[in-house]
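Undergrad: Attaching a single structure in structure tokens format; questions to follow.
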Amino acid sequence: MHEIKSILTPIDFSENAPKIANAAIYVAGKFDAQLYFVFVVQVFEDYSGFMAPPVNMLNLKEEIFQSAQEQMNLFLEKNKQDFMNAGLTNVQGEVLTGDIAEEIMNYGNSSNCDLIVMGTHGYKGFERIIFGSVADKVVKNACCPVMTINPYQDICEEK
Numbered sequence: 439m440h441e442i443k444s445i446l447t448p449i450d451f452s453e454n455a456p457k458i459a460n461a462a463i464y465v466a467g468k469f470d471a472q473l474y475f476v477f478v479v480q481v482f483e484d485y486s487g488f489m490a491p492p493v494n495m496l497n498l499k500e501e502i503f504q505s506a507q508e509q510m511n512l513f514l515e516k517n518k519q520d521f522m523n524a525g526l527t528n529v530q531g532e533v534l535t536g537d538i539a540e541e542i543m544n545y546g547n548s549s550n551c552d553l554i555v556m557g558t559h560g561y562k563g564f565e566r567i568i569f570g571s572v573a574d575k576v577v578k579n580a581c582c583p584v585m586t587i588n589p590y591q592d593i594c595e596e597k
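Taking our numbering, the leading residue of the sequence shown gets 439, the next gets one more, and so forth.
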């Protein structure tokens, strides 16, 4: 197996995001790897065939992107101490737009990531029907290994 030098972790700022982030921070610290966090703003142009987009869609898209960027900055600042405790000195965060699974895989490929660490649960209910399982798509199509974390499963404590 090749050396793990860079890790990509998609986050969604949900209540599960800290669990996924902590797992990624731990793994990156163990491998002394570069850690990238990404959030992808879903584009809705693909659904224009069965829904009429509102006139102010461009404004909404920009507002969502701006809000996501603010959330990413807050996330990085909030976790700064955890990064330092794990020995990570250069953690990066980026907000992307597009199809969530595709953008995760594209970013991982273009950044030469050696591992993707992501949650198994994000969307639920109607959103899952519309968007599908992002983790499933990434696991099946990523150019590198994918480590999935089930945020609803308690991690066994060391004995």
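Ideal placement from N, C-alpha and C gives every residue a C-beta, glycine not left out.
List the whole-angstrom C-beta distance separating Val555 from Ile445, where the pair is believed to meet the contact cut-off of C-beta under 8 Å.
TA: About 6 Å; that satisfies the 8 Å criterion.
Undergrad: Which runs of the beta strand (DSSP E) at least 3 residues long sit entirely within the region 528-587? Give them in chain order.
TA: With a minimum length of 3 residues, the continuous beta strand (DSSP E) runs that stay inside the region 528-587 are 529-536, 553-557, 584-587.
Undergrad: In the DSSP assignment, the beta strand (DSSP E) including Tyr464 goes from what residue to what residue?
TA: Where Tyr464 is concerned, there is no enclosing beta strand (DSSP E), although the alpha helix (DSSP H) it sits in stretches over 455-469.
Undergrad: Residues in its own chain within less than 6 Å of Ala539 by CB, not counting five upstream and five downstream?
TA: These residues qualify, in order along the chain: Val572, Lys575, Val576.
Undergrad: Considering only the beta carbon of each residue, do Val476 and Phe503 sit closer than 8 Å?
TA: No. Outside cutoff.
Undergrad: Considering just the uninterrupted stretch of the beta strand (DSSP E) at Phe475, what are its terminal residues?
TA: Its beta strand (DSSP E) spans residues 472-480.
Undergrad: Are the CB atoms of Leu553 and Pro442 within a distance shorter than 8 Å?
TA: The sequence given here places Ile at residue 442; Pro does not occur at that position. Result yes, Cβ atoms of Ile442 and Leu553 sit closer than 8 Å.
Undergrad: Determine, using beta carbons only, whether Leu512 and Val529 come nearer to each other than 8 Å.
TA: For Leu512 and Val529, no; Cβs fall outside 8 Å.
Undergrad: Under three-state DSSP, which class holds Ile445?
TA: The answer is strand: DSSP assigns Ile445 an E or B state.
Undergrad: In whole angstroms, give me the CA-to-CA distance for Ser548 and Asp470.
TA: About 20 Å.
Undergrad: Hey, out of Gln509, Gly557, Gly525, Leu534, whose CA is closest to Phe451's CA?
TA: The option with the nearest alpha carbon to Phe451 is Gln509.
Undergrad: In chain order, what residues of the same chain have a beta carbon less than 7 Å from the beta carbon of Gln507, not counting five sequence neighbours either side?
TA: Around Gln507: Val533.
Undergrad: Please name the residue, chosen from Pro583, Gly557, Cys582, Ala580, that lies closest to Asn460 on a Cα-to-Cα basis.
TA: Nearest option by C-alpha distance: Gly557.
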